[in-house]
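First the structure, in the form of structure tokens, and then the observations on it.
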Amino acid sequence: MRFSRYFLYTLKENPKEAETVSHRLMLRACMIKKLASGIYSYLPLGYRVIKKIENIIREELDKEGCIELLMPAVQPAELWQESGRWDYYGKELLRFKDRKNGDFCLGPTHEEVITDIVRKELRSYKQLPLNLYQIQSKFRDEIRPRYGLMRGREFIMKDAYSFDVDDESCDKSYWQMYDAYTRIFKRCGLKFRAVEADSGAIGGNYTHEFHVLAETGEDTVLSCNNCSYTANIEKAECLKPEKVNDNIEMKPLEKVETPNKKSVEEVSEFLGVKPSDLVKTMIFKLEDGSAIAVLVRGDYEVNEVKVKNHLGVAILELADEETIENVTGGPSGFSGPIGLKIPVYADYSVLNMNNFVVGANEKDMHFINVNLGRDFEVKEFADLRLAVEGETCPRCKKGTYEQFKGIEVGQVFKLGTKYSKAMNCTFLDENGKERYAVMGCYGIGVGRTAAAAIEQNHDENGIIWPVNIAPFQVILLNLEVKDKEFTEKIDKLYQNLLEEGFEVLYDDRDVRPGFKFKDADLIGIPVQIIAGKKTMAEGLLELKVRRTGERIKVKPEELIEKTR
Ligand code: ATP
Ligand code: MG
Ligand code: MG
Ligand code: MG
């Protein structure tokens, strides 16, 4: 590709709106262009990287016998009502009506659609196992879209869905995908960890997230330095203390005026937090009966006082058993785990804390300075403690936890029969007995993976692409475009490189050399071939390795070999 004919216009300055390295560099390298909040076009250079990652994913999944298809982005509400997620999913689900007043949404994930497709064809155990995947744009109306492709509203995801005859076979599919993911992220040149994660309220099943290690990661990962047990802090096990404070004296409280809210969506809307900030449903017993409370984190406002990063308890209602059942079911509609990120729960001393806010995010609907243990009888508390860095690993009891920041680039999830039961996706087993397919789902954020790669591979001059996902393998800099004879030689060289199968960006622009060097470093192509008059006069070319800055002089006839 000739740079002069390409659609690539770099930015010298850091764009103000970009807070992270990857966002800044993607904008400066003309990889993406914002259309609306969290919605980006992939410009030619950026799209080449996306396609590289997609192809690595395709190759590795195809090796495991996964089969590619493509489903619609627009999905009818009926399917989501069937699975029960229409009410659960909350505001991340972008809903709209068609001209006939039918309800639709833009797919944030495709469990419903794939289950619908498969149930219509699945008859016999002989058709299983089956793993179908697609690479497609998803839409999630994220509350805080940010960091460019890292947390967009429209973003490209690879999503795969496995169907198996039983649990054991599903486990096999799960671990195959786990291995495929490991190969994919390795091939992308990333430093990453597979971590055990919280399966949220989906229950009973398990899940791993794949995290690219980077300071700017939004997740915290704990890893034992002895036995290699690694988990998202939301899930990391910790040693249980000898005794939980279960003998708490109750102090009478005035009755709280509580609103009658139930669904996760309503609750989160009421509290002004996103559904995933409803950290954990707990049941607290008030003096005058049971009440449901959820733990919320984040920034919110209490009594006109803004609370930052606070952990609070919100009472939803004084409720009967049935309601409690419903609410404690939790937001199982979320495909990712719910977060518990505040280290307040580092130990049981929370029982003696005095600065809890209890109630709702509305004036006169709460108590402040509540002491949990004193003012409430707390059930289900023991599992709420968060593990912390430096504490003893509960698995091997020898090592200690080390802490990392991670970017979640992928997740594998054993779903079990949640969707096949809700949507009646069955088959006949060997004995002619009807059974539910056992499912798994597996996602990779393609754009986020590209962004994470930049977070991990850059310097002050720009991006340093891992070779396998670089937009081009080689950039050829012609420093003397005005010299016809010279340029003819370099044009030939360019042709040679193409014929040898290299992906070459040929900087044939009529601009100063300094400008070309800066751009070459910024866009981060692994190998730079610098064709200048001086070296050419010696019959040589200069080759610069972007990552190390190492420069070597080579003879033109050695170029191909040295570039490889
Ligand atoms: P997060 O915890 O970051 O919100 P998630 O757990 O909700 O992600 P999944 O439902 O597990 O996401 O989706 C699979 C993958 O899709 C994620 O591992 C991530 O790489 C990617 N992804 C999810 N949300 C976004 C987003 N808003 N922008 C870009 N990529 C995303
Ligand atoms: Mg996830
Ligand atoms: Mg997540
Ligand atoms: Mg999410």
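The sequence shown begins at 19 in the numbering used here and counts up one residue at a time.
Each residue gets a CB set at the ideal place from its N, CA and C atoms; glycine is no exception.
task: Could I get the ranges of all uninterrupted beta strand (DSSP E) runs contained in the stretch 447-474, with 3 residues as the minimum, in chain order?
output: Listed in chain order, they are 452-454, 456-463.
- request: Pick helix, strand or coil for D185, following the three-state DSSP scheme.
  value: Position 167 of the sequence shown holds residue 185. It is helical.
message: Using a Cβ-based criterion (distance less than 8 Å to any ligand heavy atom), does E78 qualify as near ligand 1?
response: Position 60 of the sequence shown, counted from the first residue, corresponds to residue 78. Checking the Cβ of E78 against ligand 1 gives no.
- prompt: What is the DSSP secondary structure of S155, counted as helix, strand or coil?
  reply: Counting from 1 along the sequence shown, the entry for residue 155 is found at position 137. Three-state result, S155: strand.
message: I want to see whether chain D comes within less than 9 Å of I202, judged by CB atoms only; does it?
response: Of the protein chains in the structure, only one exists, and it is not chain D.
- prompt: Does the separation of the CB atoms of A488 and I71 fall below 9 Å?
  reply: Residue numbering aside, residue 488 sits at position 470 when the sequence shown is read from its first letter. Residue numbering aside, residue 71 sits at position 53 when the sequence shown is read from its first letter. Result no, Cβ atoms of A488 and I71 do not sit closer than 9 Å.
- request: Indicate the three-state DSSP secondary structure (helix, strand or coil) for I543 in the structure shown.
  value: By 1-based counting over the sequence shown, the position of residue 543 is 525. Correct three-state label for I543: coil.
- request: Output yes or no for whether 9 Å exceeds the beta carbon distance between G480 and D539.
  value: Taking the sequence shown and counting its residues from 1, one reaches residue 480 at position 462. Taking the sequence shown and counting its residues from 1, one reaches residue 539 at position 521. It is a contact, given that the beta carbons lie within the stated cut-off.
query: Going by C-alpha distance, which of L140, V92, D105 is nearest T127?
result: Here residue 127 is taken as the residue at index 109 of the sequence shown, counted from 1. Per the Cα distances, V92.
field: Proximity test, R171 beta-carbon vs ligand 4 heavy atom, cut-off 8 Å
entry: Start at 1 with the first residue of the sequence shown, and residue 171 comes out as number 153. Because no heavy atom of ligand 4 lies under 8 Å away, the Cβ of R171 does not count as near it: no.
- prompt: So what's K209 in DSSP terms, helix, strand or just coil?
  reply: Residue numbering aside, residue 209 sits at position 191 when the sequence shown is read from its first letter. If DSSP states are grouped into helix, strand and coil, K209 belongs with coil.
- request: Could you please give the first and the last residue of the uninterrupted alpha helix (DSSP H) stretch that includes N130?
  value: Taking the first residue of the sequence shown as position 1, residue 130 is located at position 112. The sequence shown places Glu at residue 130, rather than the Asn named in the question. Note, E130: alpha helix (DSSP H), 129-139.
message: Per the DSSP calculation, L240 is bridged to which residue(s)?
response: Position 222 of the sequence shown, counting from 1, holds the residue named residue 240. Under the DSSP definition of a beta bridge, L240 partners with A249, Q421.
query: Which residues mark the beginning and the end of the alpha helix (DSSP H) in which T505 is found?
result: Against the sequence shown, residue 505 aligns to sequence position 487. Counting along the chain, the alpha helix (DSSP H) containing T505 begins and ends at 502-517.
field: Given S40 as reference, the closest of G542, K571, Y512 once Cα atoms are compared
entry: What you label residue 40 is simply residue 22 of the sequence shown in a count that begins at 1. Ranking the options by Cα distance to S40, first place goes to G542.
message: Can you determine whether any heavy atom of ligand 4 sits closer than 8 Å to the C-beta of R158, and answer yes or no?
response: To locate residue 158, count along the sequence shown from 1; it is residue 140. The answer is yes for R158.
query: Where DSSP assigns a beta bridge to L561, which residues make up the other side?
result: Position 543 of the sequence shown, counting from 1, holds the residue named residue 561. Checking the DSSP bridge columns, you'll see L561 partnered with I547, I570.
message: Could you give the first and the last residue of the continuous alpha helix (DSSP H) run that contains A95?
response: For the purposes of this step, residue 95 is identified with residue 77 of the sequence shown, where counting begins at 1. Where A95 is concerned, the enclosing alpha helix (DSSP H) starts and stops at 95-101.
message: Can you find the residues in the same chain that come closer than 7 Å, C-beta to C-beta, to L516, ignoring five residues on each side of it along the sequence?
response: Translated into the one-based positions of the sequence shown, residue 516 becomes position 498. Once the five neighbours on either side are set aside, the close Cβ partners of L516 are V522.
message: Just checking Q429 against ligand 3 - is the residue's beta carbon closer than 8 Å to any of the ligand's heavy atoms?
response: Taking the sequence shown and counting its residues from 1, the one referred to as residue 429 is at position 411. Because some heavy atom of ligand 3 lies under 8 Å away, the Cβ of Q429 counts as near it: yes.
field: Pairwise C-alpha distance: Q491 and K510
entry: The sequence position of residue 510 within the sequence shown is 492, counting from 1. The sequence position of residue 491 within the sequence shown is 473, counting from 1. Their Cα atoms are separated by approximately 18 Å.
task: Check whether the Cβ of E129 sits closer than 8 Å to any heavy atom of ligand 5, and report yes or no.
output: This structure simply doesn't include ligand 5; it includes ligand 1, ligand 2, ligand 3 and ligand 4 instead.
Sequence-distant residues of its chain with Cβ nearer than 7 Å to E110 (five each side left out): Working through the sequence shown from its first residue, we reach residue 110 at position 92. Same-chain partners within the cutoff: P126, R158, D159, E160.
- prompt: Excluding the five sequence neighbours on either side, which residues of its own chain have a C-beta within less than 7 Å of the C-beta of N243, listed in chain order?
  reply: Within the sequence shown, numbered from 1, the residue matching residue 243 stands at position 225. Within the same chain, N243 has close Cβ partners G417, T418, E420.
- prompt: From K507 to E568, what does the alpha carbon distance come to, in whole angstroms?
  reply: In the sequence shown, residue 507 corresponds to position 489, counting from 1. In the sequence shown, residue 568 corresponds to position 550, counting from 1. Between the alpha carbons of K507 and E568 lies a distance of about 25 Å.
Cα-Cα separation, L148 to E78: Taking the first residue of the sequence shown as 1, we reach residue 148 at position 130. Taking the first residue of the sequence shown as 1, we reach residue 78 at position 60. It is roughly 16 Å from the alpha-carbon of L148 to the alpha-carbon of E78.
message: Could you check whether the Cβ of L97 sits closer than 8 Å to any heavy atom belonging to ligand 1?
response: Taking the sequence shown and counting its residues from 1, the one referred to as residue 97 is at position 79. No.
- request: Express the C-alpha separation of E172 and T435 in angstroms, rounding to a whole number.
  value: Start at 1 with the first residue of the sequence shown, and residue 435 comes out as number 417. Start at 1 with the first residue of the sequence shown, and residue 172 comes out as number 154. Whole-angstrom Cα-Cα distance: 29 Å.
- prompt: Taking only runs of the beta strand (DSSP E) that begin and end inside the stretch 48-128, which ones reach a length of at least 3 residues, in chain order?
  reply: Considered as a whole, the stretch 48-128 harbours 50-54, 57-60, 92-94, 113-115, 121-124 as its complete beta strand (DSSP E) runs of no fewer than 3 residues, in chain order.
- prompt: Below 9 Å between beta carbons: does that hold for V427 and F203?
  reply: Here residue 427 refers to the residue found at position 409 of the sequence shown. Here residue 203 refers to the residue found at position 185 of the sequence shown. For V427 and F203, yes; Cβs fall inside 9 Å.
task: To the nearest angstrom, report how far apart D105 and R582 are at their CA atoms.
output: Working through the sequence shown from its first residue, we reach residue 105 at position 87. Working through the sequence shown from its first residue, we reach residue 582 at position 564. If you draw a straight line from the Cα of D105 to the Cα of R582, it comes to about 55 Å.
message: Looking at the secondary structure, which residues open and close the beta strand (DSSP E) in which T225 lies?
response: Translated into positions along the sequence shown, residue 225 becomes position 207. In the DSSP annotation of this structure, the continuous segment of the beta strand (DSSP E) that includes T225 starts and ends at 225-231.
message: Any contact between the stretch 137-153 and the stretch 83-101? By contact I mean 3 or more CB pairs, one from each, below 8 Å.
response: Yes, the stretch 137-153 touches the stretch 83-101.
message: For H476, list the residues DSSP reports as bridge partners.
response: Residue numbering aside, residue 476 sits at position 458 when the sequence shown is read from its first letter. In the DSSP output, where bridge partners are listed per residue, H476 has I481.
- request: Keeping to the same chain, check which residues put their C-beta closer than 7 Å to that of N442; ignore five residues upstream and five downstream.
  value: As a first step, residue 442 is located in the sequence shown; it is residue number 424 there, counting from the start. Same-chain partners within the cutoff: R137.
Where the alpha helix (DSSP H) through V39 begins and ends: Sequence index remark: in the sequence shown, residue 39 carries index 21 (1-based). From DSSP, the alpha helix (DSSP H) with V39 extends over 39-46.
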